[in-house]
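What follows is one structure encoded as structure tokens, with my remarks underneath.
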Amino acid sequence: MTQERSECTEDEARKSNVDVQELKTESLPKEKVDGSSTCGIYVQSDTQAPPPCRQAKRRRTSDSAMNENVSETEHREEKERANAPESVADEFNVPPKREKPAVIEERTGLIQFRVVTNDNKPESLVILTGLKHIFMKQLPKMPREYITRLVLDRNHWSMAIVKRGLQVVGGITYRPFPHREFAEIVFCAISSSEQVKGYGSHLMNHLKDHVKDVSPIKHFLTYADNYAIGYFKKQGFSKDISLPRSVWVGYIKDYEGGTLMQCTMVPRVRYLEIHDFLATQKRMIQARISSFSRSHIVYPGLDVFKQGKKDEKRDITSQASKVEMIVQPNEVPGLRESGWTPEMDELSSRSKRGPHFAVMRHILVELNGHASAWPFVVPVNANDVPDYYTVITNPMDLSTMESKLENNQYETVDDLVKDAQLVFDNCKLYNPASSPYAKCAVKLEKFLYERLPQWKQAAGLAV
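Residues 1 to 463, numbered by UniProt numbering, are exactly what the sequence shown covers, in order.
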């Protein structure tokens, strides 16, 4: 009995010990237990666990105090969550977006973003060495000595994604020019095993916010190869360089075969919160549209389509069934509110083409396809024949006839034939009878009047 109670006491004490550790961890303001921080600053926690309890009385006292502290902490946190929105998105009731693994891993402390330079500190050199190996592996065409020289250059800074144990999985090396208000991104790479977690975009957002906070830099410039152009476009970079050449020429490194791209940062935008910002903006625009639009209102369906049972046999061809299925447009909910008027139905029921459009279209196709139609396809060029429009006051050609037909300017076939006759008469008036143009007009005119009765008869028109 004594042995069982002793084991139970030790087990419960160990459980109490773990719970107290978790309570102390939750009471920390921002820093992670493993030494990481959401802002990329490494903070080592020196919180130590209390010694194990071995007496039942002390265990009960510890459990009671712990439960009171936990209840008080949970009550305070619930009250804060209920009274204050956590973000702008919560304030405007924007539905949360599914977070990328990179965001979740940073929040849980699996990764952190470290800004380092060659300051001769051992930790910085370890991170820069790991970052150098990432660049060498992901950029095989770049000389190794060149990568090493730039990463370790004291004029360059690097933002690295670091896991526990200073394991580098990606990063960006850049050179700032504060007096020129721009920075050059020299290298950017993520480990191949980590490229599906959204590290690249999250890293760039961190870099933008960091550079804006610590310097007057407003622009990024970089030379991107063909494989990286798509990535940089997604991060807001463009091939259109708006920065004056006098600002950056001679300062950045020129790479053969690379494409120069620029990104101009928006001062008031927090890029790590860009999703909430855009979602809130979209919601406000939709709310503004809904204030004077009715497109968001959903009306119930028509009951007329629900009548009858599936097993009922109905003669849908009967007049009674047809009458039952008739629905007046003004009875459809929301149709009149959308701006519908009876005149709209009349306009939509009108035929866009005349009754003789098909036959007239066929006549024009036949005329254009004739071997003698080439002088009459387009209007006469006044530059080639300066006095033509002085002699011919009412010109006509086949392309003009096609335009008039498409615009419903011919009511009957005879109207079309009159314009065709005008083409022939103008040609014979301006050109001598022995000219090739006049001969073409005679041949095409003969062809038209020989085939016209057949075309009319095929269309059911009086000959």
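Each residue gets a CB set at the ideal place from its N, CA and C atoms; glycine is no exception.
1. To the nearest angstrom, how far is it from the Cα of Ile-147 to the Cα of Lys-163?
2. Whole-angstrom Cβ separation of Arg-175 and Val-168, contact assumed at under 8 Å?
3. What residue ranges within the stretch 236-285 form continuous beta strand (DSSP E) runs of no fewer than 3 residues, ordered along the chain?
4. Per DSSP, which residues does Lys-163 bridge with? Please list them.
5. Per DSSP, what kind of secondary structure is Tyr-299 in: helix, strand or coil?
6. I'd like to know if the stretch 331-339 and the stretch 288-304 are in contact, where contact means that at least 3 CB-CB pairs between them fall below 8 Å.
7. Closest to residue 496 by C-alpha separation, out of Arg-353, Arg-114, Val-385, would be which residue?
8. Roughly how many angstroms lie between the CA atoms of Arg-294 and Trp-340, to the nearest whole one?
9. In the DSSP assignment, what are the bridge partners of Thr-222?
10. In three-state DSSP terms, what is Arg-353?
11. Rounded to the nearest angstrom, what separates Val-365 and Leu-398 at their Cα positions?
12. Give me, in chain order, the residues of the same chain whose beta-carbon lies closer than 6 Å to that of Val-391; leave out the 5 immediate sequence neighbours on both sides.
13. Excluding five sequence neighbours on each side, which residues of the same chain lie with their C-beta closer than 6 Å to the C-beta of Gln-235?
14. Check the C-beta distance from His-156 over to Thr-173 and give it rounded, since I have them as a contact under 8 Å.
15. Within 10 angstroms of its Cβ, does Arg-60 collect 16 or more other Cβ (buried), or is it exposed?
16. Is the beta carbon of Ala-189 closer than 8 Å to that of Leu-260?
17. Would you call the stretch 208-220 in contact with the stretch 116-126, where contact means no fewer than 3 C-beta pairs closer than 8 Å?
18. Can the beta-carbon of Met-265 be found closer than 8 Å to that of Lys-208?
19. Any idea what DSSP makes of Pro-176, helix, strand or coil?
20. Note down, one range per segment and in chain order, each alpha helix (DSSP H) of at least 4 residues found wholly within the stretch 401-462.
21. Report yes if the CB atom of His-219 is closer than 8 Å to the CB atom of Gln-262, and no otherwise.
22. Determine the burial state of Arg-107: buried for a count of at least 16 other Cβ atoms within 10 Å of its Cβ, exposed for fewer.
23. State the Cα-Cα distance for the pair Thr-393 and Lys-233, rounded to the nearest angstrom.
24. Helix, strand or coil for Ile-217? Go by DSSP, reduced to three states.
25. So which of Leu-452, Glu-99, Met-360, Ala-459 has the shortest CA-CA distance to Glu-273?
26. In chain order, what residues of the same chain lie with their CB nearer than 7 Å to the CB of Leu-448, ignoring the 5 residues before and after it?
27. Output needed for Val-269: all residues of its chain with C-beta closer than 8 Å, excluding positions within five of it in sequence on either side, in chain order.
28. So Leu-444 and Ala-373 are in contact, right, with Cβ under 8 Å, and what is the actual spacing, rounded?
29. Between which two residues does the alpha helix (DSSP H) harbouring Gly-230 extend?
30. Less than 8 Å separating the beta-carbons of Pro-375 and Cys-427?
31. Mapping the DSSP letters down to three states, classify Trp-340 as helix, strand or coil.
32. Helix, strand or coil: how does DSSP classify Pro-329 here?
33. Pull up the CB-CB distance for Ser-191 and Ile-111, whole angstroms please, since I reckon it's below 8 Å.
34. What distance in whole Å lies between the Cβ atoms of Gly-354 and Glu-411, which are believed to be in contact at a cut-off of 8 Å?
35. Compute the Euclidean distance between the alpha carbons of Glu-161 and Leu-302, then round it to the nearest angstrom.
36. So if DSSP puts Trp-157 in a beta bridge, which residue, or which two residues, is it bridged to?
For this structure:
1. Here the alpha carbon of Ile-147 sits roughly 22 Å from the alpha carbon of Lys-163.
2. A Cβ-Cβ distance of about 19 Å is found for the pair Arg-175 and Val-168, leaving them out of contact under the 8 Å criterion.
3. Counting whole runs of 3 or more residues, the stretch 236-285 contains the beta strand (DSSP E) stretches 259-264.
4. As DSSP reads the structure, Lys-163 sits in a beta bridge with Ile-111, Gln-167.
5. In the structure shown, Tyr-299 sits in coil (DSSP, three-state: anything other than H, G, I, E or B).
6. Touching, per the Cβ criterion.
7. No answer is possible for residue 496: it lies beyond the span of the chain, which begins at 1 and ends at 463.
8. Between the C-alpha atoms of Arg-294 and Trp-340 there is a straight-line separation of about 13 Å.
9. Looking at the DSSP assignment, Thr-222 forms a beta bridge with Ile-185, Met-261.
10. It is coil, neither helix nor strand.
11. Each residue's alpha carbon lies about 10 Å from the other.
12. Here the set comprises Tyr-430.
13. Met-204.
14. Yes, His-156 and Thr-173 are in contact; Cβ-Cβ is about 6 Å, under 8 Å.
15. Here the model assigns Arg-60 a pLDDT of 43, short of 50, so the residue's position is not dependable, and the following value carries that caveat. Counting Cβ neighbours within 10 Å, Arg-60 comes out exposed, since fewer than 16 surround it.
16. Against a cut-off of 8 Å, the Cβ pair of Ala-189 and Leu-260 comes out as no contact.
17. With a cut-off of 8 Å, the stretch 116-126 and the stretch 208-220 do not count as touching, because too few Cβ pairs lie within range.
18. Taking 8 Å as the cut-off, the Cβ atoms of Met-265 and Lys-208 count as close.
19. Three-state result, Pro-176: strand.
20. As far as the stretch 401-462 is concerned, its whole alpha helix (DSSP H) runs of at least 4 residues are 413-430, 436-458.
21. The answer is yes: Cβ separation under 8 Å.
22. So Arg-107 ends up on the exposed side.
23. In this structure, the CA atom of Thr-393 is about 59 Å from the CA atom of Lys-233.
24. Residue state, collapsed to three classes: coil.
25. It is Glu-99.
26. The beta carbon of Leu-448 sits closer than 7 Å to those of Leu-367, Ala-420, all from its chain and outside the five residues before and after it, given in chain order.
27. Only Phe-277 meet the Cβ criterion.
28. Right, their Cβ atoms sit about 6 Å apart.
29. Gly-230 -> alpha helix (DSSP H) spans 229-234.
30. By the CB criterion at 8 Å, Pro-375 and Cys-427 fall inside the cutoff.
31. Trp-340 sits in coil when the DSSP states are folded into three classes, being neither helix nor strand.
32. Judged by DSSP in its simplified three-state form, Pro-329 adopts helix.
33. Rounded, the Cβ-Cβ distance is 12 Å, inconsistent with contact.
34. For a cut-off of 8 Å, the C-beta gap from Glu-411 to Gly-354 is around 6 Å, short enough to register as a contact.
35. Correcting the residue type first, residue 161 is Ile in the shown sequence and not Glu. So the alpha carbons of these two residues sit roughly 58 Å apart.
36. For Trp-157, which the question treats as bridged, DSSP gives the partners Tyr-174.
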